[in-house]
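Below is one structure, written out as structure tokens; the observations come after it.
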Amino acid sequence: MARRKRVYKKEERRDPRFDSVLVERLITRVMSKGKKSLAERIVYAAILRVNEGTEAVDPVEIVNRAVENAKPRLEVKSRRVGGATYQVPLEVPPDRSESLAMRWLVNAARNRRGTPMHVALANEIRDASANQGGVVRKRDEVHKMAQANRAFAHFRW
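Each residue of the sequence shown is one higher than the one before, starting from 617 at the first, in our numbering.
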């Protein structure tokens, strides 16, 4: 019997410029030390930059495609069984997979040294939407790890 009150999800806020929940989440993920207006400027500049050089495609659609391509389907979690620790492959829930994709996207952009953040983020989004780049490499790495530990799948519970 649960002793705590049920925690309900908050209503998700939408980004005012593109009216998108995904863009709002990306802004929050880019934000550091509470500087949301700076994060908004970075993300909006990146989204506009992503759309440059292509025919009139909805820029939010490109961001959606990038996040969709970066989402992991499987991941490994450590489980301790009888004194041994096994890397057990598990399916990733949709919320977590989107969160991981966003995190990897922003971290990959931050790791691109020598370029402004909005340029690096735009390049990562463009690469991920084309199914290449650091984010997709990270996703494939996680999938390979899950594939390699497939023998321990019966330990999930």
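Built from N, CA and C at the ideal position, the CB exists for glycine as well.
If you're wondering where the values come from, they're calculated on a predicted model, not measured in any experiment.
Contact between the segment 747–761 and the segment 724–739 is present: three or more C-beta pairs spanning the two stretches fall below 8 Å. Between the alpha carbons of Ala661 and His734 lies a distance of about 6 Å. In this model, Pro632 and Ser653 are separated by some 12 Å (Cα to Cα).
Our two residues, Gly669 and Val722, have alpha carbons roughly 22 Å apart in a direct line. Take the alpha-carbon of Arg696 and the one of Tyr702: they are about 6 Å apart. The Cβ-Cβ distance between Met718 and Leu642 falls below 8 Å. In this structure Glu640 is buried. Its beta-carbon is surrounded by 16 or more other beta-carbon atoms within 10 angstroms. Counted as a single uninterrupted DSSP element, the alpha helix (DSSP H) harbouring Arg742 occupies residues Met733 to Ser745.
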